[in-house]
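So the structure is just underneath, and the comments pick up after that.
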Amino acid sequence: MFARVFSGGLQGVDAYKIDVEVDCGGGIGQIQIVGLPDASVKESQERVRAAIKSCSFLMPPGKKWVVNMAPADTRKEGPLYDLPIAIGILASTGLINREHMAKFWFVGELGLDGSVRAVTGILPIAIAAKAQGAEAIIVPEINAEEASLVEGIKVYPVSHLLQVCILMNDPQSLEPHHLDARATFARNSNRRKTLADFIEVKGQNNAKRALEIAAAGRHNILMVGPPGSGKSMLAQRLPGIMPPLSFEEALELTKLYSVAGLVTDRTSLVHDRPFRAPHHTASAVGLTGGGANPKPGEISLSHKGVLFLDELTEFPRHHLETLRQPLETANIVISRAQQTITYPASFLLVAACNPCPCGYRGDTVKYCVCTPSQADRYWNRISGPLLDRIDLHVEVARLKEGELSGEVDGATSEEVRKRVLKAVDRQRERLVGETFSFNGQLSQKQLARYCRVDEDSRFLLARAVTQLGLSARAHDRILRIARTIADLAAEEKITTGHIAEAIRYRSLCRVG
1441 MFARVFSGGL
1451 QGVDAYKIDV
1461 EVDCGGGIGQ
1471 IQIVGLPDAS
1481 VKESQERVRA
1491 AIKSCSFLMP
1501 PGKKWVVNMA
1511 PADTRKEGPL
1521 YDLPIAIGIL
1531 ASTGLINREH
1541 MAKFWFVGEL
1551 GLDGSVRAVT
1561 GILPIAIAAK
1571 AQGAEAIIVP
1581 EINAEEASLV
1591 EGIKVYPVSH
1601 LLQVCILMND
1611 PQSLEPHHLD
1621 ARATFARNSN
1631 RRKTLADFIE
1641 VKGQNNAKRA
1651 LEIAAAGRHN
1661 ILMVGPPGSG
1671 KSMLAQRLPG
1681 IMPPLSFEEA
1691 LELTKLYSVA
1701 GLVTDRTSLV
1711 HDRPFRAPHH
1721 TASAVGLTGG
1731 GANPKPGEIS
1741 LSHKGVLFLD
1751 ELTEFPRHHL
1761 ETLRQPLETA
1771 NIVISRAQQT
1781 ITYPASFLLV
1791 AACNPCPCGY
1801 RGDTVKYCVC
1811 TPSQADRYWN
1821 RISGPLLDRI
1831 DLHVEVARLK
1841 EGELSGEVDG
1851 ATSEEVRKRV
1861 LKAVDRQRER
1871 LVGETFSFNG
1881 QLSQKQLARY
1891 CRVDEDSRFL
1901 LARAVTQLGL
1911 SARAHDRILR
1921 IARTIADLAA
1931 EEKITTGHIA
1941 EAIRYRSLCR
1951 VG
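Here the working numbering = 1-based position in the sequence shown + 1440.
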């Protein structure tokens, strides 16, 4: 007898429909799985056999089950197909009713005792199930909250294979799980986790101003200064002044973290913008993603948040060059022999480094022991094209004696965040009727429309480009920075003062 069960597979951060076809014929009790399964999928035959036995079902002797997972040209990975394979086998032998199976998608790993265990990637699979017209999806109990984030599809949480069998015979025997995702997100968003505050940073008003501009317009930033000047401390406080996640952003981010297996409690959306700070010994795959079983890397895990690269010059140059594409396109494409995967990577890059190998070049207190050639080699670890893609170049100097021993001053993170939110609102009002993008991400067409300058500003910018040897990309980035500075000042027109301040953030290149 033939049976068909529906499930989902992952490709990048998206899911696609998989037909699990089971044919029961004469044989010696063997379960054969075809359709390009990996080792974990092939091993499911033993888990399925033991799980069915634990439910007191007697599998007919002298039978062979052929399980085909279509489409057969995509690799199937992971234990999430245990449940659909078990249901297909039971249906093909007539042990459960097949009448309602076409309405459901099935996802879950089985234990030998028949228990249904949690799997990763539930959220994108639930989104795909809804898009394919499924009425309901059956998921492990611990994944129910995550799957319920998708509106318009019923979610049935189960903890044992026997529950699924009962549900197939009587769809009214189990109530679907209900969750008002938007209300829950709004309620939890009001309880943001406590973040480090800007008020704790003494001095460094120039760097604080640059970080405020970066948060308001999504401009990448490089901070250069001697050890202990506060670069890492400043970077860690950046998420606290960024706008909160919208529901749509949180759903997109949770989908990504679900694929990566990082939704640990599986009870709610990701509510806070990520702050990822990989060590400079991280591998290229760790940064970009991929691997034998492809997973998102640090570049993608910082999506909608901050990617902080401390000691930038200590990262291998090859690793840093992988940043060039995502900084321009907001995604990372992993191309391998068997497949090509695209991960989202719209992040705010914050980089920090010393001005030379010893760290004290240009310092007013400690003497630099590096030769000019050593400093040049140190800075040559960062390519010109990568530096060109970083909007704001900021010097973070050693604190003066009065700043270090005096009282803390300046604005709190909440005060800065209010200014940032007002600037973001102005950007949204300006782009009504268009796809929203922050000033740092404006297209060339939007740049020409919204970043117009007068003759004096145009002359100042042209002179700076000539004297500093800036590229056409740097020219456009200065205009985008000036647009953000004007928004923070609640001014509609970009003035010469805004252009001058923006140029100042591009004149630090290669301190060495």
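Think of the CB as a built atom: it goes at the ideal place given N, C-alpha and C, for glycine as much as any other residue.
Assigned exposure category for residue i - 16 Cβ within 10 Å defines buried
i	result
F1625	buried
R1903	exposed
G1880	buried
R1857	buried
E1932	exposed
G1952	Only weak support exists for where G1952 lies, its pLDDT of 39 falling under 50; the coordinates are left without a value.
K1840	exposed
L1844	exposed
I1468	exposed
Q1603	buried
P1501	exposed
H1758	exposed
S1723	exposed
R1913	exposed
A1479	exposed
Y1807	exposed
E1581	buried
F1544	buried
F1878	buried
G1452	buried
A1623	exposed
Check: residue i C-beta below 7 Å from any heavy atom of the ligand ATP
i	result
I1774	Summarising the ligand content, the structure contains no ligands, and the ligand ATP is consequently not present.
Which listed residue (the options) has its alpha carbon closest to that of residue i
i	options	result
T1769	F1787, R1627 and I1943	F1787
C1793	S1813, L1767 and N1820	N1820
G1561	A1587, R1538 and V1462	A1587
M1673	I1822, A1700 and F1638	F1638
T1728	A1675, P1684 and T1782	T1782
P1524	A1479, E1874, D1620 and G1548	G1548
P1734	D1454, T1935 and Q1470	D1454
R1838	G1665, V1809, L1871 and A1655	G1665
H1720	S1813, P1580 and L1747	L1747
N1645	A1942, A1851, D1513 and V1872	A1851
Y1521	V1462, I1567 and Q1572	V1462
S1669	V1834, K1744, A1717 and N1583	V1834
T1804	L1827, V1836 and V1488	V1836
I1830	G1937, A1888 and Y1945	Y1945
P1564	E1591, H1540, K1503 and A1512	E1591
Whole-Å CB distance - residue i paired with residue j, under 8 Å assumed
i	j	result
L1601	T1694	With 8 Å as the limit, L1601 and T1694 do not qualify as a contact, their Cβ atoms being about 28 Å apart.
I1939	L1900	5 Å
I1934	A1926	5 Å
E1652	V1790	Actually they are not in contact, since the Cβ atoms of E1652 and V1790 sit about 13 Å apart, beyond 8 Å.
P1784	S1742	That belief does not hold up - the Cβ atoms of P1784 and S1742 are roughly 10 Å apart, past 8 Å.
P1965	G1726	Residue 1965 is absent from the structure shown; the chain starts at 1441 and stops at 1952.
I1593	A1569	6 Å
L1619	E1575	Contact flag wrong, Cβ pair sits at about 17 Å.
H1540	M1608	6 Å
Counterpart residues of residue i in DSSP-defined beta bridges
i	result
I1774	I1781
R1716	L1747
M1509	V1460
D1803	Answer by DSSP bridge pairing: none, since D1803 is not bridged.
Any contact between the stretch 1771-1789 and the stretch 1798-1810? By contact I mean 3 or more CB pairs, one from each, below 8 Å. Under the three-pair Cβ rule at 8 Å, the stretch 1771-1789 does not count as touching the stretch 1798-1810.
Is there contact between the stretch 1477-1494 and the stretch 1448-1458, where contact requires at least three CB pairs shorter than 8 Å? Taking one beta carbon from each stretch, the stretch 1477-1494 and the stretch 1448-1458 have fewer than 3 pairs nearer than 8 Å; the two do not touch.
Is it a yes or a no for the stretch 1547-1561 touching the stretch 1530-1538, going by three-plus beta-carbon pairs under 8 Å? When C-beta atoms of the stretch 1547-1561 are compared with those of the stretch 1530-1538, fewer than three pairs fall below 8 Å, so the two segments do not count as touching.
Does the stretch 1672-1680 come close enough to the stretch 1595-1612 to have 3 or more Cβ pairs within less than 8 Å? Not touching, per the Cβ criterion.
Is it true that the stretch 1894-1908 meets the stretch 1859-1870, where meeting means three or more beta-carbon pairs spaced less than 8 Å apart? No: the two stretches stay apart, fewer than three of their Cβ pairs being nearer than 8 Å.
Do three or more CB pairs link the stretch 1910-1924 to the stretch 1881-1899 at distances below 8 Å? Between the stretch 1910-1924 and the stretch 1881-1899, the count of Cβ pairs shorter than 8 Å is three or higher; the stretches touch.
Contact between the stretch 1748-1756 and the stretch 1811-1826 (3+ Cβ pairs under 8 Å): Of all C-beta pairs linking the stretch 1748-1756 to the stretch 1811-1826, three or more are shorter than 8 Å, placing the two stretches in contact.
Check whether the stretch 1652-1671 and the stretch 1509-1528 touch, using three or more Cβ-Cβ pairs below 8 Å as the test. No contact exists between the stretch 1652-1671 and the stretch 1509-1528.
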